[in-house]
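A.B. asks: According to the working numbering, the sequence shown holds residues 91 to 203 in order.
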Amino acid sequence: MKMNVELETKGNNLIVRIKGELDHHMVQNFRSKVQNGLEKGQVRNLILNMSGLSFMDSSGIGVILGRYNYLKKTEGKMAVCNLEPQVKKVFNTAGLSGIIKEYQSEEEAMINL
91 MKMNVELETK
101 GNNLIVRIKG
111 ELDHHMVQNF
121 RSKVQNGLEK
131 GQVRNLILNM
141 SGLSFMDSSG
151 IGVILGRYNY
161 LKKTEGKMAV
171 CNLEPQVKKV
181 FNTAGLSGII
191 KEYQSEEEAM
201 INL
């Protein structure tokens with residue numbers, strides 16, 4: 091299955107809506123799109139909306155951690171929202187839930203970042 095990545099900037103937040111599968115076939119495309127979005131304009135924070143993400147493997151975890159580390163160096167923040175149950179399980183098992191805050195919606199994430 092393919093992956094679709096939609097980027098939207100709201101204030102100093104980059105919102106990334108992911109649909110499909112974030113696996114080793116798709117991480118390079120995801121990384122370059124998100125990094126390009128982060129390097130434009132006044133963006134400081136990243137919100138990953140995962141409502142359409144049906145699958146994520148270890149390479150997906152790696153690319154998310156990479157963006158987290160980039161934001162940490164630039165004093166930005168990162169959040170996720172709308173995790174599907176299967177993806178949430180992977181997220182929790184990998185320990186990402188301990189470092190990246192999860193919110194119920196994009197709006198809630200924007201208010202709290």
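Built from N, CA and C at the ideal position, the CB exists for glycine as well.
Predicted, not measured: the structure shown is a model, and the values here were computed from it.
Can you pull the DSSP bridge partners for G142?
C.D. replies: According to DSSP, G142 bridges with K109.
A.B. asks: Determine which residues share a DSSP beta bridge with N135 and list them.
C.D. replies: In the DSSP output, where bridge partners are listed per residue, N135 has N103, K167.
A.B. asks: Can the beta-carbon of M140 be found less than 8 Å from the beta-carbon of I108?
C.D. replies: In contact: M140 and I108 (Cβ atoms closer than 8 Å).
A.B. asks: Classify K191 as helix, strand or coil using the three-state DSSP reduction.
C.D. replies: Looking at K191 - three-state DSSP - the assignment turns out to be strand.
A.B. asks: Which of helix, strand or coil does DSSP assign to L128?
C.D. replies: Here L128 sits in helix by DSSP.
A.B. asks: Need the endpoints of the alpha helix (DSSP H) that M116 sits in, please.
C.D. replies: No alpha helix (DSSP H) holds M116; DSSP gives it neither H nor E.
A.B. asks: Short check: CB of S195 to CB of N172, under 8 Å?
C.D. replies: In contact: S195 and N172 (Cβ atoms closer than 8 Å).
A.B. asks: Any idea what DSSP makes of N182, helix, strand or coil?
C.D. replies: Three-state DSSP puts N182 in a helix.
A.B. asks: Measure the C-alpha to C-alpha separation of G166 and V180 and round it to an integer number of angstroms.
C.D. replies: Using only the alpha carbons, I get a separation of about 24 Å.
A.B. asks: Tell me which same chain residues have a C-beta within less than 6 Å of the C-beta of A184, skipping the five on either side of it?
C.D. replies: The residues are I151.
A.B. asks: Does the distance from the C-beta atom of G127 to that of L97 stay below 8 Å?
C.D. replies: Contact flag set, yes.
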